[in-house]
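Chemist: Protein chains in written order, with the numbering used here: chain A, 43 to 517; chain B, 24 to 336. Even for Gly, the Cβ is constructed at its ideal location relative to N, Cα and C. As the structure is a prediction and not an experimental result, all values here were calculated from the model. Encoded as structure tokens, here's the structure I'll be asking about.
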Amino acid sequence: MDTKTIPIVAVPPAEPAEVSLYEISRKIYPRAVHGWFATWRWALVWLTQIVFYGLPWLAWNGRQAVLFDLGARKFAIFGLVFWPQDVIYLAVLLILSALALFLFTAIAGRVWCGYACPQTVYTEMFLWVERRIEGDRLARIRLDAEPLSARKLGRKAAKHAIWAAIGLWTGITFVGYFTPIRELIRAMPFSLGPWETFWVLFYGFATYGNAGWMREQVCKYMCPYARFQSVMFDRDTLVIAYDAGRGEPRGPRSRKTDPKAAGLGHCVDCEICVQVCPTGIDIRQGLQYECIGCAACIDGCDQVMEKMGYPKGLIRYASENALEQHGGAREMWRHVLRPRTLVYSALLVAIAAGAGVALSLRNPLKVDVLRDRGALARESAPGLIENVYRLQIMNTGEASRTFTIRAKGIEGLAVVGLAQPVAVDGAAVRTVPIRLQAPADAAAPGTHKIAFEVEALGEPRLEREEPSTFILPRI
Amino acid sequence: MSDFTSGFWNVWVIALTVGGIAFCAWLLLATGRGIAPPPDGAKPDTTGHVWDGDLAEYNNPLPKWWSNLFWITIVFAVVYLILYPGLGTFKGVLDWSSTGQYDKERSDVDARVKPLYDKYAALSVEKVAADPEARAMGERLFLNNCAQCHGSDAGGSRGFPNLRDKDWLYGGDPAKIVETITGGRLGVMPPLGAALGEQGTRDVVAYVRSLSGLPSDPLRAQIGKPLFAQNCAACHGADGTGNQAVGAPNLTDNVWLYGSSEATIAEGIAKGRNMNVTAGMLAMPSFKDTLGDARIHLVAAYVWGLSQPAAAK
């Protein structure tokens, strides 16, 4: 007789341990994953970061190509220079971004979160560094459990040093959009202004802290978009979903086992989908608010399905409707074009086209008229009335231009005592004190509507008419 | 100097401030103490309120990170009150004041722009007026400081002299212009209505208008001439060409500060001008403290240049 007995040991009841009153956030060790969607994410990491780190280094017409000069109140984006008066374009940009977020979320859930959000992109980069130094998931778990040793200290120090360096470089690049980056680098580190130093360190620290330490906590607890994106979901939105009908009942089995015969679904319960998840959820429990839609579980599961010889897509992008009705992929894709997405797309295209047209027709000449308030009118010579104004001529183009100034609205109204034409440097404002003269009997005493006409020499298209008033006193 | 009317308020403010901080610290200590975890099976402590029959709220202390933020604010408050004024009349060890900060920022800016002005301070007003860059600086200073009264084009208005013409109340050479801007001016015309009487005033008006070649009653002008010599010539000169030492206008050039109509001139003679003016109202104020010598130099050059045909381009 060969019996196995399990020794029974009496365990003393545990001491009443102190129970934490708050949820303990357990550290997540995402496992490396390769596949179609991971490749896409890496492509977007490269694309966004080449643009982000590279743009400030481009030059254009002797200045930085993209520079948001807060001090001079001018935003330069390649050939375009935006002035505070152009704030409408910023509003349009925000509206376009919001509509794009609505559209993409309605179609395919949190694709922004999963592929392009800086939080995801930097976490991906920081995880890559972590993997290079500390190894993949299991090695990292082991390392963290180890007691402190020279090896552990060295690895950790190297990781944090590289993270800090990436963070700092990100901070410098970010500030480089507001202060010319070449000057910034030359002034490093001791001749930087106090605010530049602050923002470099602030963004450096934010990058290091968010991508190194906070990670999924940012998406779960801090990000407002994460929360309101879920209200844009509907039953036709593509989300990352586990096909329970195909997968259950789950269970481990050998590759040779026929799942049907063993009464099992296709899920082998290997937990890869849980291990690769950057927010640490189990997608098999259905759509959860923590899911950032990164599709790492799809890549992970597909690899297993391939090894097991099962069809891929046990976890896949699918809509709630498609999963319920077991409709084909074609039908699901047809539902992408539904009224909601069509309306979003139409609005998006219309506003983008409108903004594009407005931008291309933008008049680089702007004029403000300020009437002198100290004196309304004066008699400069018997029978001649003078009113005084200040014209602020803004040449928002980059070439210097010369302008002629005329006035109309009253018989005999003339600009006097001004050396014409008036030259204004590129991207500059010039204030021109200006006198208008009209015969006292040209019109009834009182306030009369007039207009200044400012025209660029040689560019008749660049003309502005700016209204003002001329006062004829009773004399 | 204390802003308080009595020493009591000083003590009152200090007591309230210190007491407030101490109360906050006590509150944090009293409520932040960890509550013992309930023994096995016992229900955790709740606030005692129950909603909808079964919804209760655990009476847990604030999380550590949260209460630590409050502690940081308390430390900040203490450090702040030591460094800066806040505790009654205590000035703080940094001796900071808003006036002091204003003065410092001003002198910082002055020090930064000094080289800009130094370049021109060494040059004569005439040379500065010939420099386009200096003229542009002078124009900006003029628009910000002078144009409110003299107009954006320096053409003046009723009561405020035109600075573009060749007519000067106190003299138009560069040194005089600098003197005017630095020290200010207040020209006063005394009322002569009582001395001259109504008829006498009208006679003097006729004479004064005739000096500038304006149409006037020749008979009245004839009568007005001796009256002028008696009452007005002391300031305006026997020939009416004025006296720049006292700012008495030249009455012969057909340039009128208040207007040339008979009624306006009669008003000026009868009631005087600037009699009830407190300095700084209609008077030309002193810009010594507002602008400082270096800027006045540039403004003077700009103003001088306005009436110089060669420089006025």
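Could you tell me the distance, in whole angstroms, from the CA atom of I92 (chain A) to the CA atom of L86 (chain A)?
Modeler: Taking the first residue of the first sequence as position 1, residue 92 (chain A) is located at position 50. Taking the first residue of the first sequence as position 1, residue 86 (chain A) is located at position 44. For I92 (chain A) and L86 (chain A), the distance between alpha carbons rounds to 10 Å.
Chemist: Within a Cβ cutoff of 7 Å, which residues of the same chain sit near K450 (chain A), ignoring the five residues on either side of it in sequence?
Modeler: Against the first sequence, residue 450 (chain A) aligns to sequence position 408. So the list reads I492, A493, E495, once near-sequence residues are dropped.
Chemist: Kindly provide the ranges of any beta strand (DSSP E) runs that are 3 or more residues long and lie completely inside the region 316-386 of chain A, ordered along the chain.
Modeler: Listed in chain order, the complete beta strand (DSSP E) runs (minimum 3 residues) inside the region 316-386 of chain A are 357-361.
Chemist: Can you have a look at N185 (chain B) and say buried or exposed, based on whether 16 or more other CB atoms are within 10 angstroms of its CB?
Modeler: Position 162 of the second sequence, counted from the start, is the residue given in the question as residue 185 (chain B). Buried, because 16 or more other Cβ atoms sit within 10 Å of the Cβ of N185 (chain B).
Chemist: Please report the distance separating the alpha-carbon of V163 (chain A) from that of C261 (chain A).
Modeler: Mapped onto the first sequence, residue 163 (chain A) falls at position 121. Mapped onto the first sequence, residue 261 (chain A) falls at position 219. Spanning the two alpha carbons is a distance of roughly 13 Å.
Chemist: Could you tell me the boundaries of the alpha helix (DSSP H) in which K311 (chain B) lies?
Modeler: Taking the second sequence and counting its residues from 1, one reaches residue 311 (chain B) at position 288. That run of the alpha helix (DSSP H) goes 311-329.
Chemist: Could you have a look at A283 (chain A) and say whether DSSP puts it in helix, strand or coil?
Modeler: Here residue 283 (chain A) refers to the residue found at position 241 when the first sequence is read from its first residue. Note: A283 (chain A) maps to strand in three-state DSSP.
Chemist: Please look up how many angstroms separate the CB atoms of W397 (chain A) and Y131 (chain A), rounded, as I've assumed it's under 8 Å.
Modeler: Counting from one through the first sequence, the residue named residue 397 (chain A) turns up at place 355. Counting from one through the first sequence, the residue named residue 131 (chain A) turns up at place 89. Note on identity: in this sequence residue 397 (chain A) is Ala, with Trp being the wrong assignment. Between Y131 (chain A) and A397 (chain A) the Cβ distance is about 7 Å, and since that is below 8 Å, they are a contact.
Chemist: For D410 (chain A), decide whether its Cβ has a neighbour in chain B, counting only Cβ atoms nearer than 9 Å.
Modeler: Along the first sequence, one-based indexing puts residue 410 (chain A) at 368. With 9 Å as the cut-off, D410 (chain A) does not count as an interface residue toward chain B.
Chemist: Taking D131 (chain B) as the query, report the chain A residues whose CB atoms sit under 7 Å from its CB, ordered along the chain.
Modeler: Position 108 of the second sequence holds residue 131 (chain B). Result: empty, since nearest Cβ-Cβ is about 14 Å, beyond 7 Å.
Chemist: By the 10 Å Cβ neighbour count, where 16 or more other Cβ atoms means buried, how is M230 (chain A) classified, buried or exposed?
Modeler: Counting from 1 along the first sequence, the entry for residue 230 (chain A) is found at position 188. Result: exposed.
Chemist: Pick out whichever of B:E202, B:N266, B:L274, B:D262 has its Cα sitting closest to the Cα of L237 (chain B).
Modeler: For this step, residue 237 (chain B) is matched to residue 214 along the second sequence. Measuring from the Cα of L237 (chain B), the nearest candidate turns out to be B:L274.
Chemist: Looking only at its own chain, which residues have a Cβ that is under 7 Å from the Cβ of W82 (chain A), when we skip the five neighbours before and after it?
Modeler: Residue numbering aside, residue 82 (chain A) sits at position 40 when the first sequence is read from its first letter. Cβ within range, chain order: Y157.
Chemist: Looking only at its chain, what residues have a beta carbon closer than 7 Å to the beta carbon of Y230 (chain B), apart from the 5 residues adjacent to it on each side?
Modeler: As a position in the second sequence, residue 230 (chain B) is number 207, starting the count at 1. Correct list, in chain order: A244, G247, K248, F251.
Chemist: Just to make sure I have the definition right: I need the residues of chain A whose C-beta is within less than 8 Å of the C-beta of C172 (chain B). Which are they?
Modeler: Residue 172 (chain B) sits at position 149 when you count from the first residue of the second sequence. Residues of chain A passing the Cβ test: G416.
Chemist: Could you check if A302 (chain B) is buried or exposed, using at least 16 other CB atoms within 10 Å of its CB as the buried criterion?
Modeler: As a working mapping, residue 302 (chain B) is identified with position 279 in the second sequence. Only weak support exists for where A302 (chain B) lies, its pLDDT of 44 falling under 50; the coordinates are left without a value.
Chemist: With a cut-off of 8 Å on the beta carbons, I'd call Y386 (chain A) and L141 (chain A) a contact; round off their distance for me.
Modeler: The count along the first sequence starts at 1 and reaches residue 386 (chain A) at position 344. The count along the first sequence starts at 1 and reaches residue 141 (chain A) at position 99. Going by Cβ atoms, the distance from Y386 (chain A) to L141 (chain A) rounds to 6 Å, so yes, they are a contact pair.
Chemist: Considering Cα atoms alone, identify which of A:R295, A:E373, A:A388 is closest to V310 (chain A).
Modeler: Here residue 310 (chain A) is taken as the residue at index 268 of the first sequence, counted from 1. Nearest C-alpha to V310 (chain A): A:R295.
Chemist: Straight-line CA distance for A303 (chain A) to V346 (chain A)?
Modeler: What you label residue 303 (chain A) is simply residue 261 of the first sequence in a count that begins at 1. What you label residue 346 (chain A) is simply residue 304 of the first sequence in a count that begins at 1. Their backbone Cα atoms lie some 20 Å apart in a straight line.
Chemist: By DSSP's criteria, H490 (chain A) is part of a beta bridge. Which residues make up the other side?
Modeler: Within the first sequence, residue 490 (chain A) is the residue found at index 448, counting from 1. H490 (chain A) pairs with A:F512.
Chemist: Quick one: what's S180 (chain B) bridged to in DSSP?
Modeler: Taking the first residue of the second sequence as position 1, residue 180 (chain B) is located at position 157. Answer is B:F183, bridged to S180 (chain B).
Chemist: Out of curiosity, what's the CA-to-CA distance linking M605 (chain A) and L145 (chain A)?
Modeler: Because chain A is modelled from 43 through 517, residue 605 (chain A) falls outside the range shown and cannot be assessed.
Chemist: Note down, in chain order, each residue of its chain lying with its Cβ closer than 6 Å to the Cβ of R326 (chain A), except the 5 sequence neighbours on either side.
Modeler: In the first sequence, counting from the first residue as 1, residue 326 (chain A) sits at position 284. Result list for R326 (chain A): Y284, in chain order.
Chemist: What residues of chain A sit near L166 (chain B), judged by a beta carbon separation below 8 Å?
Modeler: Numbered from 1 along the second sequence, position 143 holds the residue referred to as residue 166 (chain B). Within chain A, the residues near L166 (chain B) are R432, T473, P475.
Chemist: Does the CB of G179 (chain B) have a neighbour CB from chain A at under 9 Å?
Modeler: What you label residue 179 (chain B) is simply residue 156 of the second sequence in a count that begins at 1. Yes, because at least one Cβ of chain A sits closer than 9 Å to the Cβ of G179 (chain B).
Chemist: In its own chain, which residues sit with a C-beta less than 8 Å from the C-beta of R297 (chain A), not counting the 5 before and 5 after it?
Modeler: The residue labelled residue 297 (chain A) in the question sits at position 255 within the first sequence. Cβ within range, chain order: K349, M350, G351.
Chemist: Name, please, each residue of chain B whose Cβ falls closer than 9 Å to the Cβ of R420 (chain A).
Modeler: Mapped onto the first sequence, residue 420 (chain A) falls at position 378. Going along chain B in sequence order, the residues near R420 (chain A) (Cβ under 9 Å) are G174, G178, G179, S180, R181, N185.
Chemist: Could you compute how far the alpha carbon of L164 (chain B) sits from the alpha carbon of V430 (chain A)?
Modeler: In the second sequence, counting from the first residue as 1, residue 164 (chain B) sits at position 141. In the first sequence, counting from the first residue as 1, residue 430 (chain A) sits at position 388. Roughly 18 Å between the two C-alpha positions.
Chemist: Which class does G71 (chain B) belong to by DSSP, given the choice of helix, strand or coil?
Modeler: Taking the first residue of the second sequence as position 1, residue 71 (chain B) is located at position 48. DSSP places G71 (chain B) in strand when its eight states are reduced to three.
Chemist: With a cut-off of 8 Å, do at least 3 Cβ pairs link the region 263-277 of chain B to the region 92-101 of chain B?
Modeler: Judged by Cβ distances under 8 Å, the region 263-277 of chain B makes no contact with the region 92-101 of chain B, as fewer than three pairs qualify.
Chemist: Run through the region 179-244 of chain A for me and flag every whole alpha helix (DSSP H) of 4 or more residues, listed as ranges in chain order.
Modeler: Counting only runs of 4 or more, we get 179-187, 192-217, 223-229.
Chemist: Determine the DSSP secondary structure at A170 (chain B), reduced to helix, strand or coil.
Modeler: Here residue 170 (chain B) refers to the residue found at position 147 of the second sequence. Of the three classes helix, strand and coil, the one that applies to A170 (chain B) here is helix, per DSSP.
Chemist: Is there at least one Cβ from chain A nearer than 9 Å to E128 (chain B)'s Cβ?
Modeler: In the second sequence, counting from the first residue as 1, residue 128 (chain B) sits at position 105. Cβ-Cβ to chain A under 9 Å: no for E128 (chain B).
Chemist: Is there contact here, the region 316-336 of chain A with the region 241-255 of chain A, by at least three beta-carbon pairs under 8 Å?
Modeler: No: fewer than three Cβ pairs fall under 8 Å.
Chemist: What do you get for L384 (chain A), buried or exposed, if any count of 16 or more other CB atoms within 10 angstroms of its CB means buried?
Modeler: To locate residue 384 (chain A), count along the first sequence from 1; it is residue 342. By the 10 Å Cβ count, L384 (chain A) comes out exposed.
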